[in-house]
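Going by my numbering, the sequence shown opens with residue 30, and the numbers climb by one from there. The beta-carbon is built from N, C-alpha and C at its ideal position, and this holds for glycine as well. Beneath this line is the structure, given in structure tokens, with notes to follow.
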Amino acid sequence: MKNNNLNIPQQTTQLPFNDMDGQRNNKQTQSTKEPINPFIFSGTPNDNEDSSQPIENVKQVGSVTQVEPVKDICFISIIGEIEGHTSLPPQSKTTKYEHIIPLLIGAEMDPQIKGVLILLNTMGGDVEAGLAISELVASITKPTVSIVLGGGHSIGTALAVSAEYSFIAPTGTMTIHPIRTSGLVIGVPQTFRYFQKMQERITNFIVMNSNVDRQALLEYMYDTDEIANDVGTVLNAEEVVKIGLIDEIGGFSKAMKKLRELIDKM
């Protein structure tokens, strides 16, 4: 018997190789193609040119936004509580020293920056972090001016006097008090000596970078009659200028004028 099934021609629909290869390449390209990220530069000038998507550089630091016309002055604001090695609660307004230090170094290294204006409205905070920022400001070779707007309390005092010239707003205040801590404290003589050495560091820095008398500063610092349930003194603008802690009473315009004068003297 003849098997007709063997003689039936097999009709198969097969696309040309080029068409299949094109479809395969198209699918592979669609599956592996990644969206263009305008923030990533891949190495060639034309890779990331897209005029419809302007690149916005968002800086989550404590510096105020620089106004376009002013390109030769670096504005740095130190506000709220100065955060140290431990992160503060999210509801606290803080200034992180790891943000401020790179800004100061950048201002020192940038040849276009001629001076630095530091805006202060701080309640103090971590002593080590505040003193680190203060030491860096004092070591900058470019002219620096600080202005205490609302308050420059606690370690904010060292930050205010770290600049080459300091101002305080007419309604500004400053609190001078010895250092304190919270949490576990070991009641041994070594703990007292540690705080004593830390206080000496801050006191020496303030005296070296201002015109205040050391003995007068210590008297204000250890006063027990000024603040209820605490040790220290709250001084207004006239008082801090009188004792030589701050150079002058004035606002932003005076601070800018003084900074321009210091820049012109260089």
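Relative to the Cα of V236, the nearest Cα in the group S191, G261, M227, G280 belongs to S191. At the C-beta level, N150 and I108 come within 8 Å of one another. Per DSSP, reduced to three states, the secondary structure at Y251 is coil, with no helix or strand assignment. Secondary structure at T220: helix, using DSSP grouped into helix, strand and coil.
In the three-state DSSP reduction, I102 falls in the strand class (E or B). The continuous alpha helix (DSSP H) containing V166 extends over residues 156-168. Under DSSP, the beta-bridge partners assigned to N150 are I108. Assignment of beta-bridge partners to N238 by DSSP yields no partner. Scanning its chain for C-beta atoms nearer than 6 Å, with the 5 sequence neighbours on each side dropped, one finds around V177 the residues L149, A189, I197, G201, in chain order. Cβ contact annotation for D254 (same chain, cutoff 6 Å, sequence separation greater than five): none. In the structure shown, K125 adopts extended strand secondary structure according to DSSP, grouped into three states.
K125 sits away from V145, with the two beta carbons spaced by 8 Å or more.
Per DSSP, the beta bridge partners of V263 are T204. Shown here for G280: same chain residues with a beta carbon closer than 8 Å to its own, the five before and five after excluded, namely I176, F196, A198, P199 in chain order.
For I292, the enclosing alpha helix (DSSP H) has its first and last residue at 281-294. Counting along the chain, the unbroken beta strand (DSSP E) around V174 starts and ends at 173-181. Straight-line spacing of the CA atoms in T186 and P140 works out to 29 Å.
Assignment of V270 by DSSP, reduced to helix, strand and coil, places it in the helix class. Separation of the CB atoms of H206 and V260 is rounded to 6 Å, and the pair is thereby assigned contact status at 8 Å.
Secondary structure note for G185: its alpha helix (DSSP H) is the uninterrupted segment 185-190.
Taking C-beta separations shorter than 8 Å and ignoring five residues to either side along the sequence, the partners of R230 in its chain run L160, following chain order. E193 carries a coil assignment under DSSP once its states are collapsed to helix, strand and coil. Taking C-beta atoms as the reference points, V174 and K287 count as a pair closer than 8 Å.
Burial of I129 is indicated by the presence of at least 16 other C-beta atoms within 10 angstroms of its C-beta. If you check the CB distance, F224 and I208 come in under 8 Å. The beta carbon of T204 sits closer than 7 Å to those of H182, S183, G261, V263, all from its chain and outside the five residues before and after it, given in chain order.
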